[in-house]
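Novice: Residue numbers (our numbering): 629 to 1011. In this text, a Cβ means the ideal position worked out from N, Cα and C, and glycines have one as well. Sharing a structure here in structure tokens format.
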């Protein structure tokens, strides 16, 4: 007897049609499994090469450890002398080299070991051993950094390095590469050569009061012409309160501002027409309780002298011209004030305070003093 329901034929058809469906499901599963398999790009080990090269001799004592890295980054640098003494230092911000904190010694052997890591996470270490030059060649050239460690300076204080002899244009980039300035809080600045004997560093705007600045001239052994620079020296300084001075020849008045607020005015007598004062922004370069002035016309000692230019323009006490101050110009280029006003100013200012003189017959000569602020930022940053 047949049970009611599907026919045998129907069941056979169902069985036949079900088999491809199962095969199709298996195929889909296979495709899905295949799609999940991805081929990751192969990791490339870090490439690392060092300078000076192993075995190099007569290496300058200003040498840095060059760290050329491909597909990775440097994680550690150590430099040891022949006795195993570790030399301290730090990497440049761009990672191009590692700079010792002091110049190396002449005729000494050093070993640098550098480790870098790449995308594969595996560290690679390279080592180089080299020897510095046995002795300096050519004359030693004196260099001078204009700030004293621990000093407090005005908001316009430029970092200035001066050279006893002219630095040839072809040597200036290498010299500048060995000049370092850091500030806290950070205020990036730029070096500018005013001539071959003077290079200055300043930020775009006046330093913020309270800024800590560390400057280093790492020049010992650096080639300058047929000689070499003399020393490696550094200083850390503090920027004090903001005080600015404005001198207006039109009104014959000097105005002092503290945090941009006027705190004092005083009458002045500037340079007469044959020896005019210079218009422009200078910086107080020194404070001298007394200074001996010598000119073809006279020799005299003045009190409370504050230098503005290399050419000899100062603000100073001039009791002999009190009757002219605020009225007419009678000086040889200096800014004359009364003894009382000179004393007050002398006791108020810092080296590095900016002084802007206006409306005189001649402009300030670039480089006659610390004239970094007498230029627009656009002009200052031009090569």
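Tell me, please, whether the CB atom of residue 911 is closer than 7 angstroms to any CB atom in chain E?
Specialist: Within the model displayed, chain E is absent; a lone protein chain is all it includes.
Novice: Using CA atoms only, rank isn't needed, just tell me which of 900, 1009 and 974 is closest to residue 609.
Specialist: Any question about residue 609 goes unanswered here, given that the chain covers just 629 to 1011.
Novice: Which complete beta strand (DSSP E) runs does the stretch 756-794 hold, if anything under 3 residues is left out?
Specialist: The stretch 756-794 contains these whole beta strand (DSSP E) runs: 771-773 and 787-791.
Novice: Quick one: measure Cβ to Cβ for residue 756 and residue 736, integer angstroms, because I've assumed they're closer than 8 angstroms.
Specialist: 15 angstroms between Cβ atoms; not a contact.
Novice: At which residues does the beta strand (DSSP E) containing residue 883 begin and terminate?
Specialist: Counting along the chain, the beta strand (DSSP E) containing residue 883 begins and ends at 881-886.
Novice: Would DSSP call residue 956 helix, strand or coil?
Specialist: Residue 956 falls in the coil class under three-state DSSP.
Novice: Span of the beta strand (DSSP E) holding residue 705?
Specialist: Element bounds for residue 705: 700-709.
Novice: Expressed to the nearest angstrom, what Euclidean distance is found between the alpha-carbon atoms of residue 948 and residue 805?
Specialist: Rounded to whole angstroms, residue 948 to residue 805 spans 50 angstroms at the Cα level.
Novice: So is residue 714 buried or exposed if we call it buried at 16+ other beta carbons inside 10 Å?
Specialist: Residue 714 comes out exposed.
Novice: Got a sec: does the ligand ATP put a non-hydrogen atom nearer than 6 angstroms to the Cβ of residue 807?
Specialist: As far as ligands go, the structure on display features none, and thus does not contain the ligand ATP.
Novice: How would you write the range of the beta strand (DSSP E) that residue 908 sits in, first residue to last?
Specialist: Run containing residue 908: 906-911, per the beta strand (DSSP E) assignment.
Novice: Quick one, which of 930, 699 and 823 has its alpha-carbon nearest residue 748's?
Specialist: Of the listed residues, the one whose Cα sits closest to residue 748 is 699.
Novice: With DSSP collapsed to three states, give me the class of residue 917.
Specialist: If DSSP states are grouped into helix, strand and coil, residue 917 belongs with the strands.
Novice: If you run the structure through DSSP and keep just helix, strand and coil, what is residue 839?
Specialist: Correct three-state label for residue 839: coil.
Novice: Look at the alpha carbon of residue 687 and the alpha carbon of residue 988, and state the distance between them as a whole number of angstroms.
Specialist: About 53 angstroms.
Novice: According to the Cβ coordinates, are residue 882 and residue 910 closer than 7 angstroms?
Specialist: No, Cβ-Cβ distance for residue 882 and residue 910 is not below 7 angstroms.
Novice: Taking the alpha-carbon of residue 903 as reference, which of 816, 828, 678 and 941 has the nearest alpha-carbon?
Specialist: Residue 903 has its Cα closest to that of 941, out of 816, 828, 678 and 941.
Novice: Would you kindly report the start and end of the unbroken alpha helix (DSSP H) that includes residue 975?
Specialist: First-last of the alpha helix (DSSP H) with residue 975: 967-976.
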